[in-house]
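S.K.: Using the numbering used here, the first residue of the sequence shown is number 4, and each one after it goes up by one.
We put the CB at the ideal spot given by N, CA and C, even for glycine.
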Amino acid sequence: MNLTDHFLISTGNLQGSFFADSVVFVCSHDRNGAFGLVVNKPTSTTARELLSSLKVKAPGGGEGRVMRGGPVKQEQVVILHSPAEQYDVTVKVNDDVAVTLSRDILKAIGEGAAPEKMIFFFGYSGWENGKLESEIGDNAWITVPASADIIFDMPAAQRLSAATQRLGFDINNLSDMAGNA
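#1: For the alpha helix (DSSP H) containing L135, list its first residue and its last residue.
#2: Let me check one thing: in DSSP terms, what residues is R51 bridge-paired to?
#3: Tell me where the alpha helix (DSSP H) around K76 begins and ends.
#4: Mind reading off the beta-carbon distance from F28 to I154? Whole number of angstroms is fine, and I expect it under 8 Å.
#5: Determine the burial state of K110: buried for a count of at least 16 other Cβ atoms within 10 Å of its Cβ, exposed for fewer.
#6: Comparing the C-beta of G36 with each C-beta of chain B, is any distance below 8 Å?
#7: Take the Cβ of L163 as the centre, count every other Cβ of all protein chains shown within 10 Å, and call the residue buried at 16 or more, exposed below.
#8: Taking buried to mean at least 16 other C-beta atoms within 10 Å of its own C-beta, is A160 buried or exposed?
#9: Where does S20 sit, in a helix, a strand or coil, going by DSSP?
#10: Could you please give the first and the last residue of the uninterrupted alpha helix (DSSP H) stretch that includes G113?
#11: The alpha helix (DSSP H) with R162 in it runs from where to where?
#12: Let's test the definition: count the other Cβ atoms within 10 Å of the Cβ of R1 and tell me whether it reaches 16, buried, or not, exposed.
#13: Would V81 pass as a contact of S128 if the rule is Cβ separation under 8 Å?
Here's what the structure looks like:
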């Protein structure tokens, strides 16, 4: 199972946790584990405020909110972006999305060479080998192929609904009760 470039949509089994009502974009999934970013949980911090605190001039951008990427290393800034170029620590997820963890992208942003589309995150979501598969087996997540349009072009508040619509139903209509017939 390789869930790179998929959305994980949380189920009722994760209510009360960090991941309640979350859509996670899986950036990497291999034999070492999985790495992803929650794409529908904005913070109160704007991208412009974040860049200013990092002493980076934000020419013509920075209006969006920084997202809560996950419970791991919440002090770390991660940038999901259109793949303009390769930075020191960049993982190209697909032809439309890359993720960068290195500071050299901040220099490019300050010099006016920012990627066309980008979202900033505090922290990330991570699973050791086998843990995500176990959670899926426990019905904690529903998976669906991801869409860059949902990530970059939709408001955060609409991403959960849009991701579940890719499955052909509205997740709000699911019951959190199980039973046998």
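M.R.: So, from the data block:
#1: K134 to G140
#2: According to DSSP, R51 bridges with nothing at all.
#3: Counting along the chain, K76 falls outside any alpha helix (DSSP H), though it belongs to the beta strand (DSSP E) covering V75 to H84.
#4: 6 Å
#5: exposed
#6: The chain inventory of the structure shown lacks chain B, comprising one protein chain alone.
#7: L163 is buried by the Cβ-count criterion.
#8: Around the beta carbon of A160, fewer than 16 other beta carbons sit within 10 angstroms, so the residue counts as exposed.
#9: Assignment of S20 by DSSP, reduced to helix, strand and coil, places it in the coil class.
#10: D107 to G113
#11: A159 to Q168
#12: The structure shown does not extend to residue 1, since the chain is modelled only from 4 through 184, so no value can be given for it.
#13: no
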